[in-house]
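In this note's numbering, each residue's number is its place in the sequence shown (first place is 1) plus 1.
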Amino acid sequence: MALAVAPPERTYEGPDAVVGHPQTPRAEPPPEVSPPPPAAADPEAETETQTEVARDVLVPSYRAEREDDDRAGSVVERRDLDERLVQSAPDALRYEAGVYIQQTAHGQASPYVRGLTGQQTVMFFDGVRMNNSTFRQGPNQYFFTVDSRTIQQLEVVRGAASTRYGADALGGALLTTPRDPTVREDGKKTVAHGKAILHTGTADGSYGGRGEIDLGFAGKFGVLAGVGYRDVGQLRSGGPVIAPGTGEPQRVPPAFEVDGKTQRGTGFRELTGDVRAVWEPNPRNRVTLGYYDYRQLDAPRTDKCPPPTAPRDECLRYEEQFRTLVYGAYQASEGPAAAEDVRVTVSFQRQHEDRVFDRGAPSVTTLLGVDDVNTVGTGLKLRTKDFDPAPWVRLYGVYGGDSYLDWVASDASLRFDDTGISTAFSRGQYIDSSRYSTSGAFAEGHAEFVDAIRLRSGGRVAVAHASSPGDVGSETAAVDQAWVSAVGMAGVSVDPVPWMSFSFNADQGFRAPNLDDLTSRQQTGPGFQFENAELDPERALTLETGLEIDVGVFEFGAWVYRTRIADLIGRVAVEVEDCPEDTPQCGASQTRFQLDNFEGHALLWGAEGTALANLPLGIWARTTLSYAYGERPNPFARENSSEPSRLPMSRVPPLNGTAELGWRHRSGAYAAGGLRWARLQDRLAPQDVADTRIPIGGTPGYAVFDLRAGYRYEPYLLFAMVFENIGDAPWRAHGSSVNGPGRSLMVETQIGF
Numbered sequence: 002m003a004l005a006v007a008p009p010e011r012t013y014e015g016p017d018a019v020v021g022h023p024q025t026p027r028a029e030p031p032p033e034v035s036p037p038p039p040a041a042a043d044p045e046a047e048t049e050t051q052t053e054v055a056r057d058v059l060v061p062s063y064r065a066e067r068e069d070d071d072r073a074g075s076v077v078e079r080r081d082l083d084e085r086l087v088q089s090a091p092d093a094l095r096y097e098a099g100v101y102i103q104q105t106a107h108g109q110a111s112p113y114v115r116g117l118t119g120q121q122t123v124m125f126f127d128g129v130r131m132n133n134s135t136f137r138q139g140p141n142q143y144f145f146t147v148d149s150r151t152i153q154q155l156e157v158v159r160g161a162a163s164t165r166y167g168a169d170a171l172g173g174a175l176l177t178t179p180r181d182p183t184v185r186e187d188g189k190k191t192v193a194h195g196k197a198i199l200h201t202g203t204a205d206g207s208y209g210g211r212g213e214i215d216l217g218f219a220g221k222f223g224v225l226a227g228v229g230y231r232d233v234g235q236l237r238s239g240g241p242v243i244a245p246g247t248g249e250p251q252r253v254p255p256a257f258e259v260d261g262k263t264q265r266g267t268g269f270r271e272l273t274g275d276v277r278a279v280w281e282p283n284p285r286n287r288v289t290l291g292y293y294d295y296r297q298l299d300a301p302r303t304d305k306c307p308p309p310t311a312p313r314d315e316c317l318r319y320e321e322q323f324r325t326l327v328y329g330a331y332q333a334s335e336g337p338a339a340a341e342d343v344r345v346t347v348s349f350q351r352q353h354e355d356r357v358f359d360r361g362a363p364s365v366t367t368l369l370g371v372d373d374v375n376t377v378g379t380g381l382k383l384r385t386k387d388f389d390p391a392p393w394v395r396l397y398g399v400y401g402g403d404s405y406l407d408w409v410a411s412d413a414s415l416r417f418d419d420t421g422i423s424t425a426f427s428r429g430q431y432i433d434s435s436r437y438s439t440s441g442a443f444a445e446g447h448a449e450f451v452d453a454i455r456l457r458s459g460g461r462v463a464v465a466h467a468s469s470p471g472d473v474g475s476e477t478a479a480v481d482q483a484w485v486s487a488v489g490m491a492g493v494s495v496d497p498v499p500w501m502s503f504s505f506n507a508d509q510g511f512r513a514p515n516l517d518d519l520t521s522r523q524q525t526g527p528g529f530q531f532e533n534a535e536l537d538p539e540r541a542l543t544l545e546t547g548l549e550i551d552v553g554v555f556e557f558g559a560w561v562y563r564t565r566i567a568d569l570i571g572r573v574a575v576e577v578e579d580c581p582e583d584t585p586q587c588g589a590s591q592t593r594f595q596l597d598n599f600e601g602h603a604l605l606w607g608a609e610g611t612a613l614a615n616l617p618l619g620i621w622a623r624t625t626l627s628y629a630y631g632e633r634p635n636p637f638a639r640e641n642s643s644e645p646s647r648l649p650m651s652r653v654p655p656l657n658g659t660a661e662l663g664w665r666h667r668s669g670a671y672a673a674g675g676l677r678w679a680r681l682q683d684r685l686a687p688q689d690v691a692d693t694r695i696p697i698g699g700t701p702g703y704a705v706f707d708l709r710a711g712y713r714y715e716p717y718l719l720f721a722m723v724f725e726n727i728g729d730a731p732w733r734a735h736g737s738s739v740n741g742p743g744r745s746l747m748v749e750t751q752i753g754f
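The structure is reproduced here in structure tokens:
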């Protein structure tokens with residue numbers, strides 16, 4: 002039996018790499034230090050080599066295939082997703098350091114990266130930016146619209162990173178690499194693989210599956226196509242959590258059925274489809290065309306189904322939550338010195354939401370809303386050749402640019418259920434025909450000295466423009482604003498010995514106000530939110546330092562950080578005596594907020610750590626630990642001297658961590674146990690106190706233990722089981738409105754050829 006050490010160097014073709022260029026290799030641990038093997042000249046031979054490597058890697062590696070190994074981050078691989086039986090893209094990140102998953106509903110989840118989420122973290126799918134101008138304050142559901150079945154690997158970059166990734170990267174970036182078709186295999190002229198996936202779970206009575214076909218022709222062309230379906234019922238939890246402030250069970254949300262465990266407003270249906278075609282006319286060129294469609298139907302928003310103190314038949318539902326992505330990418334390698342590697346993308350995305358708010362008896366009206374956001378985008382990334390002016394120094398550069406344009410269609414109406422007649426409001430959640438563009442250009446320089454010291458620096462210039470016609474009927478101001486931002490980054494890494502690395506990074510982030518900030522009116526957890534057309538951009542600076550150790554059988558990484566955010570946009574409670582016209586939910590809200598820039602600066606600081614041990618007999622162990630502490634200015638301190646000058650930032654996750662112990666055999670059998678835990682979070686911002694999703698006194702801590710086991714025989718069979726929350730503990734992630742699953746069993750079978 003062979004035990005794996007750190008994965009060998011492999012060419013990275015993820016969303017933020019350029020084709021054909023491997024990462025800067027880390028030296029192997031002592032006593033032997035050897036350079037990485039040269040890349041195979043024959044593509045078919047290279048594929049066979051990588052296949053054998055994949056078969057020999059028996060343990061996880063939290064630094065596998067990273068875009069930048071000298072930044073804080075981690076990678077989730079396809080095998081992890083299969084064995085953990087993740088239910089969504091956010092669910093795939095539950096075991097990653099520095100990431101905390103909030104759930105507004107069973108079909109909606111939002112990753113917090115170093116205490117920030119939503120507008121303040123940026124998401125990419127194969128190099129295409131997913132964030133658009135309607136991403137809202139706090140958690141949103143849009144990363145849930147990435148089908149986890151299509152993911153090959155998912156990378157988390159922690160900390161401000163706008164030089165490389167553009168606007169919104171204040172907390173970090175989520176980089177999704179999709180699965181590729183099999184272009185060539187063992188010298189065969191034609192390749193054909195099929196797979197059928199069946200899945201079921203007892204916690205929510207879910208059932209579904211996926212069918213896919215993988216075809217390759219002449220060693221140059223491949224197609225991977227699949228369709229999937231899932232039907233999810235109401236989620237059974239371990240019961241209500243206990244509110245720390247009262248010692249009593251937290252009643253709502255969610256609302257429970259009579260058994261006290263099954264949560265109302267948690268079911269949904271899901272339909273997915275995707276086609277990915279890859280053409281490689283030669284080893285230096287690659288063309289990719291992709292189509293990804295996600296459709297979620299009848300998904301209630303749990304905290305509004307029903308809202309607290311409302312009739313039991315009142316419910317806000319997303320009848321349709323769709324996302325469609327169509328894009329093309331061209332990659333080339335071995336070009337001229339200034340552009341040895343090139344990647345170009347052109348994309349179109351459509352985000353569609355159809356909401357229905359049944360107001361419950363005795364009302365005979367229903368609120369309807371439809372929002373569509375269409376986005377066209379393009380991106381260019383280039384990498385120079387390696388320059389070796391001396392034997393002890395290596396230089397190279399990375400540069401490029403991107404541009405995205407959104408246009409929004411939005412409307413809302415009131416339907417009288419007894420007559421079927423509808424009356425249109427003058428505006429929707431957003432202002433119809435609004436436009437938003439974001440673009441920028443960046444450049445980075447990298448230098449490596451004596452294979453032990455790495456320096457990097459770079460900058461980006463970005464432009465954002467928002468245009469909205471306003472609406473007289475609802476007293477919504479018109480918007481026509483532009484912002485120019487410049488950010489930079491710098492870092493140094495030192496390897497005192499080949500198996501140890503110290504890193505220090507300073508990286509800036511920025512986020513210009515988007516259309517949600519400037520124009521939207523909507524019901525949120527804390528209350529009704531008003532827009533502000535006079536907002537300024539947010540700017541962040543992250544300072545971080547880390548230690549990483551890799552001695553083959555043991556990997557360790559620890560990072561500490563401090564993120565300073567200037568002009569943080571947040572919700573400020575306001576007195577509104579008379580709600581504007583055409584805003585019916587405003588009058589029903591006890592608390593009303595307006596977005597504003599906080600004077601001064603907000604601070605987030607914390608630490609993260611990950612350790613992995615590869616033990617004899619195929620046994621491995623892994624643990625993570627994450628801590629974040631956030632505070633921001635109090636806008637009312639100047640008016641009232643008794644007010645504290647600083648307050649907690651909203652929904653910052655508590656101290657939390659994970660632990661896993663597993664065994665894997667070369668035959669394909671595996672077993673593992675996983676523990677996820679969090680401490681009490683009682684540092685609450687004023688809007689957290691007003692948010693009914695957060696129990697009185699804060700969100701209690703929890704410890705959830707899972708067992709998983711299965712058998713894999715590639716490419717014919719995968720049988721996987723997860724026995725979740727075996728203690729049936731009631732638990733809830735901080736800021737969520739749905740409790741986590743109770744004791745349950747998930748089973749999945751994959752049959753292929």
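Ideal Cβ positions, reconstructed from N, Cα and C, are used throughout, including at glycine.
In chain order, what residues of the same chain lie with their CB nearer than 8 Å to the CB of residue 314, ignoring the 5 residues before and after it?
307, 359, 361, 362
DSSP three-state call for residue 668: helix, strand or coil?
Three-state DSSP puts residue 668 in coil, outside helix and strand.
Can you tell me the Cα-Cα spacing of residue 474 and residue 428, whole angstroms?
8 Å
Just the Cα atoms here: how many angstroms apart are residue 217 and residue 160?
Distance between the alpha carbons of residue 217 and residue 160 is about 39 Å.
Can at least three beta-carbon pairs, one atom from the segment 662–674 and one from the segment 638–649, be found at a separation below 8 Å?
no
Looking at residue 97: is its Cβ nearer than 8 Å to the Cβ of residue 546?
Not closer than 8 Å, so no.
When you compare only the Cα positions, how much space is there between residue 448 and residue 553?
Rounded to the nearest whole angstrom, the CA to CA distance from residue 448 to residue 553 is 26 Å.
Determine the direct distance from the alpha carbon of residue 348 to that of residue 309, and round the result to whole angstroms.
42 Å
Just the C-alpha distance for residue 773 and residue 228, rounded to the nearest angstrom, thanks.
With the chain covering 2 to 754 only, the question about residue 773 has no answer from this structure.
Quick check: what's the CA-CA separation for residue 377 versus residue 697?
44 Å
Could you check the C-alpha separation between residue 744 and residue 84 for me, to the nearest Å?
Each residue's alpha carbon lies about 18 Å from the other.
In its own chain, which residues sit with a C-beta less than 6 Å from the C-beta of residue 510, not counting the 5 before and 5 after it?
Taking C-beta separations shorter than 6 Å and ignoring five residues to either side along the sequence, the partners of residue 510 in its chain run 161, 163, 170, 171, 541, following chain order.
Per the DSSP calculation, residue 650 is bridged to which residue(s)?
According to DSSP, which records beta bridges pairwise, residue 650 is partnered with nothing at all.
Go through its chain and collect everything with a Cβ distance to residue 222's Cβ below 8 Å, but skip five positions before and after it.
184, 278, 279, 280, 281
Who are the Cβ neighbours of residue 261 in its own chain at under 8 Å, not counting the five residues just before and after it?
240, 241
Would you kindly report the start and end of the unbroken beta strand (DSSP E) that includes residue 111?
109–114
What does the alpha-carbon distance come out to for the pair residue 165 and residue 131?
For residue 165 and residue 131, the distance between alpha carbons rounds to 15 Å.
Extent of the continuous beta strand (DSSP E) run through residue 563:
555–567
For a test of the three-state rule: what should DSSP assign to residue 734, helix, strand or coil?
coil
CA-to-CA distance, residue 292 to residue 482, given in whole angstroms
The C-alpha of residue 292 is placed about 33 Å away from the C-alpha of residue 482.
To which residues of the same chain is residue 748 closer than 7 Å at the C-beta, ignoring the five residues directly before and after it?
201, 722
Run through DSSP, which three-state label would residue 196 get?
Residue 196: strand per DSSP, three-state reduction.
Suppose only complete runs of 3+ residues qualify. What are the beta strand (DSSP E) ranges in the segment 70–111, listed by chain order?
Runs of the beta strand (DSSP E) lying entirely within the segment 70–111 and spanning at least 3 residues, in chain order: 74–78, 100–106.
So is residue 341 buried or exposed if we call it buried at 16+ other beta carbons inside 10 Å?
buried
Straight-line Cα distance separating residue 503 from residue 285:
35 Å
Residue span of the alpha helix (DSSP H) that contains residue 691, given as start and end
687–691
Does the beta carbon of residue 262 come closer than 8 Å to any beta carbon on chain D?
The structure shown contains no chain D; it is built from a single protein chain.
Under three-state DSSP, which class holds residue 165?
helix
What do you get for residue 666, buried or exposed, if any count of 16 or more other CB atoms within 10 angstroms of its CB means buried?
exposed
Quick check on the DSSP output: the beta strand (DSSP E) that includes residue 289 runs from which residue to which?
286–301
Thinking C-beta only, is residue 420 closer than 8 Å to residue 380?
no
Which same chain residues end up closer than 8 Å to residue 584 when comparing Cβ atoms and leaving out the 5 residues on each side of it in sequence?
475, 522, 529
Beta-carbon proximity of residue 102 to residue 110, cut-off 8 Å
yes
By alpha-carbon positions, which one of 531, 536, 599, 501 ends up nearest to residue 648?
599
Can you grab the Cα-Cα spacing for the pair residue 690 / residue 702, in whole Å?
17 Å
According to DSSP, is residue 149 part of a helix, a strand, or is it coil?
helix
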